[in-house]
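Colleague:
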Amino acid sequence: MNESIVKHLNFGEDAKSKILGGIDKLTKAVSSTLGAGGKCVILEDNMGNPQITKDGVTVANSVVLLDPVENMGSKLLKEAARKTVKEAGDGTTTATVLAHSILNQAMSESNKNINVRDLKNGINSAVEKVVKYLENSSSQVKGEVIKQVATISANNDNSLGETIAEAFNQVNET
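Residue numbers (the working numbering): -5 to 168.
(1) So which of I108, V79, V57, I13 has the shortest CA-CA distance to D39?
(2) Let's see if you can read the secondary structure: which residues bound the alpha helix (DSSP H) around I146?
(3) Use the C-beta contact count for L60: other C-beta atoms within 10 angstroms, 16 or more gives buried, fewer gives exposed.
(4) Nearest CA to the CA of M101: which residue from I13, K1, E129?
(5) Out of curiosity, what's the CA-to-CA distance linking Q45 and E64?
(6) Measure how close the beta-carbons of G67 and I17 come, nearest whole angstrom, since I'm counting them as under 8 Å.
(7) Between the Cα of Q99 and the Cα atoms of T87, T88, A89, L113, which residue gives the shortest distance?
Have a look at this one:
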């Protein structure tokens, strides 16, 4: 039985370039939804119907790139978005943009001769410092601020923001 399986083989700079290309394309699609001023994206759902969303992980999951190596790159970034939504419940667009930036810096010309282990240790050290900074600078949110944050998170829907704030305040009182 002589069956041939066709595989696309990519090595070295070509493979790295395509993987980074997939990461760039996914980030471009997802980053448009970033923050309170982010834009809505129209996607095609599984039934072929239009779906409007501002959710980064939904946008990320809808991206399928034709080039298999670029698609692998996008899948790496999708995993970061999925882990973020699983851990934090939100922040997938920020995680995608941040991961993209870290990867671009890691792959930049100025870092070509850096040992991968040293790079990983540097990233881990930076993460520890950022977490410590956030823990030290964070404060408890109360009252009207909860409503403002909820309203922004609800795409500036005041009634939904107020409902979320009321629910949050009721849970906080118990």
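Ideal placement from N, C-alpha and C gives every residue a C-beta, glycine not left out.
Modeller: The answer reads as follows:
(1) V57
(2) 138 to 147
(3) exposed
(4) I13
(5) 25 Å
(6) 4 Å
(7) L113
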